[in-house]
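Notes follow once the structure below has been shown.
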Amino acid sequence: MTSTPTEKVVWTIFDLDRLPDDGCRYEIMQGDLFVTRAPHWKHQNTTGKIFAVLQQWSNESQLGEAAVNPGLVFSEIDAVIPDVVWASFERLKTMMDEAGHLMAAPELVVEVLSPGKDNAQRDRETKLKLYSTYGVLEYWIVDRDLQLVEVYRRDGALLKRVCTLYASDSLTSPNLPGFTAIVGQIL
Numbered sequence: 811m812t813s814t815p816t817e818k819v820v821w822t823i824f825d826l827d828r829l830p831d832d833g834c835r836y837e838i839m840q841g842d843l844f845v846t847r848a849p850h851w852k853h854q855n856t857t858g859k860i861f862a863v864l865q866q867w868s869n870e871s872q873l874g875e876a877a878v879n880p881g882l883v884f885s886e887i888d889a890v891i892p893d894v895v896w897a898s899f900e901r902l903k904t905m906m907d908e909a910g911h912l913m914a915a916p917e918l919v920v921e922v923l924s925p926g927k928d929n930a931q932r933d934r935e936t937k938l939k940l941y942s943t944y945g946v947l948e949y950w951i952v953d954r955d956l957q958l959v960e961v962y963r964r965d966g967a968l969l970k971r972v973c974t975l976y977a978s979d980s981l982t983s984p985n986l987p988g989f990t991a992i993v994g995q996i997l
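856 is the number that our numbering gives to position 46 of the sequence shown; each next residue is one higher, with no gaps.
Now the structure itself:
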């Protein structure tokens with residue numbers, strides 16, 4: 811018996827609407843479906859700390875808002891749920907659909923690494939490419955285990971790593987005027 815090649819299944823945002831609401835995260839990147847369980851307590855705690863410092867700065871600066879786990883829909887085949895995003899009020903006016911999903915790139919996306927090689931590879935490679943393609947200005951990859959933050963910033967058409975910050979370093983950003991946080995306080 812010979813097997814014939816099959817066409818690749820391409821998942822879309824319309825397929826996501828039909829998936830169960832079972833506590834899993836369903837994301838699609840380039841039409842591939844990724845399913846992950848609810849993150850670990852420490853992952854959620856780190857996400858909360860990052861959101862808190864970004865939102866406190868946002869309240870003081872009045873420049874935008876942070877959100878935890880927002881739906882980010884870039885296209886019919888690219889829809890993800892980052893851990894934290896920050897968007898200026900200017901961008902928020904034009905990028906949100908009626909369902910409250912972001913339909914364009916926010917200025918900042920933050921992913922907190924989950925355990926496992928596949929999870930780290932997805933955040934460091936697949937999502938980095940996705941965020942580069944769709945115009946995110948800055949991307950932070952937070953590694954709780956190694957106690958560091960990798961900072962990527964837009965350089966032309968790509969997000970490129972500009973620094974790796976450790977627990978005692980200050981995290982700042984030209985995209986967030988006046989924002990500063992000690993890395994160890996958000997890990």
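By construction, the Cβ of each residue, glycine as well, lies at the ideal position given by its N, Cα and C atoms.
Burial check for E935: the Cβ neighbour count within 10 Å stays below 16, so the residue is exposed. Here DSSP, grouped into helix, strand and coil, assigns L873 to coil. A direct Cα-Cα distance of roughly 22 angstroms separates W851 from K937. Between G945 and A897, the beta carbon gap of about 12 angstroms keeps them out of contact (Cβ cut-off 8 angstroms). For the pair I887 and N879, the CB atoms are not nearer than the 8 angstroms cut-off. When secondary structure is reduced to three states using DSSP, K939 falls in the helix class. Per DSSP, the continuous beta strand (DSSP E) segment holding T982 begins and ends at 980-982. Where K970 is concerned, the enclosing beta strand (DSSP E) starts and stops at 968-976. For E917, the CB contacts under 7 angstroms within the same chain, skipping 5 residues up- and downstream, are W896, A897, S898, R901, L947, E948, N985 in chain order. Residue nearest to L843 within the set L829, Q854, N855 is L829 (criterion: CA-CA distance). Comparing alpha carbon positions, the residue from L975, Y941, G926 closest to L968 is Y941.
Only residues of its own chain outside the window of five on either side were considered, and among them Q865, S868, W896, A897, F899, L902 have a CB closer than 8 angstroms to the CB of E875, listed in chain order.
Closest by C-alpha distance to E921, out of K927, A909, T904, V894, is V894. For E900, the enclosing alpha helix (DSSP H) stretches over residues 899-905. Distances from the CA of E908 to each of R847, T943, V961, V883 were compared; the closest alpha carbon is that of V883.
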